[in-house]
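Quick note, the sequences are listed as chains G and W, same order. Positions 1 to 180 (the working numbering) are the ones given, in order, by the first sequence. Positions 1 to 243 (the working numbering) are the ones given, in order, by the second sequence. Note that the Cβ used here is the ideal one computed from N, Cα and C, for glycine as well. Since this is a predicted model, take the numbers as computed values, not measurements.
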Amino acid sequence: MRRSTRRLLASFAVAASGLQVACLTGKTLEGGRLDESPETLHEACLDGDTLRVRYTAVVTAEFGEAVGRRERGAAIDASALAVQPRLPVHEIAVSPVDPADVMRRAGCRPVEVRLMAGASGEAPPEIPRDRARIALPAPVLHRDGTAAWVWPLLPVTLALDTVVTPTLAVLWVVYFPMTD
Amino acid sequence: MASPPREAGPAFRFPEDTFAFANELVSDYVVGPNGRLHMVPREVPSEYRQNCVTMARAARLFYAHARFEPSQPRADAATYTALVEEVMSRDPRDKRPVSGPVVIPGYPNLYAFSRGEERLVKRVVDDRLGAYFQRGNWRMILPFTRGHQRNMAERFLEAMGRAEAPVVHVVRFPAVDINHTVIVYGAEETPEEILFAFYDPNYPGLPRRMRYDRARRTFEYPESDFFSGGPVRVYEVYDAPLY
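Right, here's the structure in full:
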């Protein structure tokens, strides 16, 4: 077999293996998406420019069905919360914290935090200069997840993708010239 | 960050740059015992249906390739037919500005033209098979990551800055409760979300908005006659050779 042919076949194999995570496997992962949103804020403290919060998050499947609740902790860049006009929520730095450790940090001053739902049309928060009361948009605490039922299925979907994907690739080559 | 605007002419105007007639539904929809919508046969069969892709494509073609001249006298049916056919024969992937736009006399915009010449426009634009042969259909069988959807939202924002009108395929494949095509023409940003204004061929003259949730990186399609509203996946079509 010529070297160029081997390279071509190797390229095809690499491309096909890349696509394997695409169809069934990818759609399975997509179907198992979970979203976590804060439901109840229990306590919060301010450590310099870092807001530390402990809260209960509700876990929902994509269409909003609640599938569980989790205790969570987070450390948030409080200076970003005070920026006006407000920053987009995904630009506010948040890192997970063990919920048991949220209030244990020495020098962390307890503060009152108001959780804003972040729905359309909600008035922008007023951030007091003394930061005695902080408005925290709930979407800042959003986390992504994947349902546990997905993982046992992956060997099966990967095996099926190995068979299906080359067929789809051939069909796609046929389909392409017929399309608009 | 949005790209600097280029000389592309006025932005897509609603409803002026859209059709005055509707793409009708094949079936009626009723709420079933599980709270979901179910198809039931229509009492009166729809006359103009399964054309959302075709109408979005055509509206985009008119936006890019046609220029309306209301000061010129109206033409006869044969002339209008030839002009619409000329517009429809152009490349839907072309963006403004294009050379040699098709001049349509006697009407100020597509909305008025498609109301005044409804039967003619419907006949020329009609292509129910067009939906099945839209090149970008392959994309729906692949997964859509949250990152992909965030990129789409950013792309739409950039397109608005260039006065473009992205044609957008809205799906939930492998679920088939929505498989629709619209044109995005505006955006309103808040820290939590982006509300994209879009032209829905099913609702002529009715401005609609689709929500992009920045935290979830997910688009949410509004309630419609055929869809109860909720998360969807979106991607742009007629924007590149593979789409």
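Open item on the list: I need the DSSP call for Met116(G), collapsed to helix, strand or coil.
Closed with: Looking at Met116(G) - three-state DSSP - the assignment turns out to be strand.
- [ ] Find the residues of chain W that neighbour Leu87(G), judging by a C-beta separation of less than 7 Å, and give them in chain order.
- [x] Ordered by position in chain W, the residues that pass the 7 Å Cβ test against Leu87(G) are Pro191.
- [ ] State yes or no: is the C-beta of Asn51(W) within less than 8 Å of the C-beta of Arg128(W)?
- [x] yes
Task: Check whether Tyr29(W) and Leu37(W) have beta carbons under 8 Å apart - done: The Cβ atoms of Tyr29(W) and Leu37(W) sit closer than 8 Å to each other.
- [ ] Please decide whether Pro110(G) counts as near chain W, where near means a Cβ-Cβ distance under 8 Å.
- [x] no
- [ ] Label Asp144(G) either buried or exposed according to how many other C-beta atoms from any shown protein chain fall within 10 Å of its C-beta, with 16 as the threshold for buried.
- [x] exposed
Open item on the list: For Val171(W) and Pro207(W), what's the separation of their Cα atoms in angstroms?
Closed with: 20 Å
TODO: Using a cut-off of 8 Å between C-beta atoms, extract the partners of Ala159(W) located in chain G.
DONE: Against Ala159(W), chain G offers no close residue; the least beta-carbon distance is about 19 Å (beta-carbon pairs closer than 8 Å).
Task: Counterpart residues of Asp47(G) in DSSP-defined beta bridges - done: Beta-bridge pairing links Asp47(G) to Thr50(G).
TODO: Tell me, to the nearest whole angstrom, how far the beta carbon of Leu29(G) is from that of Val150(G); I am working on the premise that it is less than 8 Å.
DONE: 6 Å
Task: Among Phe19(W), Val234(W), Phe62(W), the one whose alpha carbon lies nearest that of Ala112(W) - done: Phe19(W)
Task: chain W within 8 Å of Glu126(G), Cβ atoms only - done: Only weak support is given to the placement of Glu126(G): the predicted model assigns it a pLDDT of 49, under 50, and the question is left unresolved by the model.
Task: Pro137(G): first and last residue of the uninterrupted beta strand (DSSP E) it sits in - done: 133–137
Open item on the list: Between the alpha carbons of Ala66(G) and Glu39(G), how many angstroms are there, rounded?
Closed with: 11 Å
- [ ] Evaluate contact between the stretch 158–175 of chain G and the stretch 40–52 of chain G, counting only Cβ atoms and requiring at least three cross-stretch pairs below 8 Å.
- [x] no
Open item on the list: Taking its Cβ as the centre, do 16 or more other Cβ atoms sit within 10 Å of Glu36(G), making it buried, or is it exposed?
Closed with: buried
Open item on the list: Do Ala11(W) and Ala163(W) count as a contact pair if the criterion is CB distance below 8 Å?
Closed with: yes
Task: Where Asn34(W) falls, given that 16 or more other Cβ within 10 Å makes a residue buried - done: exposed
TODO: Would you verify that the beta carbon of Glu141(W) is, or is not, closer than 8 Å to some beta carbon of chain G?
DONE: A small correction: the amino acid at residue 141(W) is Ile; Glu does not occupy that position in the sequence shown. Ile141(W) counts as touching chain G.
- [ ] Leaving out five residues on either side along the sequence, give the residues of the same chain with a beta carbon under 6 Å from the beta carbon of Arg13(W).
- [x] none
TODO: Could you tell me whether the Cβ of Phe11(W) comes closer than 8 Å to any Cβ of chain G?
DONE: It should be noted that the sequence gives Ala, not Phe, for residue 11(W). Chain G contact via Cβ: absent.
TODO: Please classify Arg129(G): is it buried, with 16 or more other beta-carbons within 10 angstroms of its beta-carbon, or exposed?
DONE: Here Arg129(G) scores only 45 on pLDDT, less than 50, and its place in the model should not be relied on; the value that follows carries that caveat. Exposed, because fewer than 16 other Cβ atoms sit within 10 Å of the Cβ of Arg129(G).
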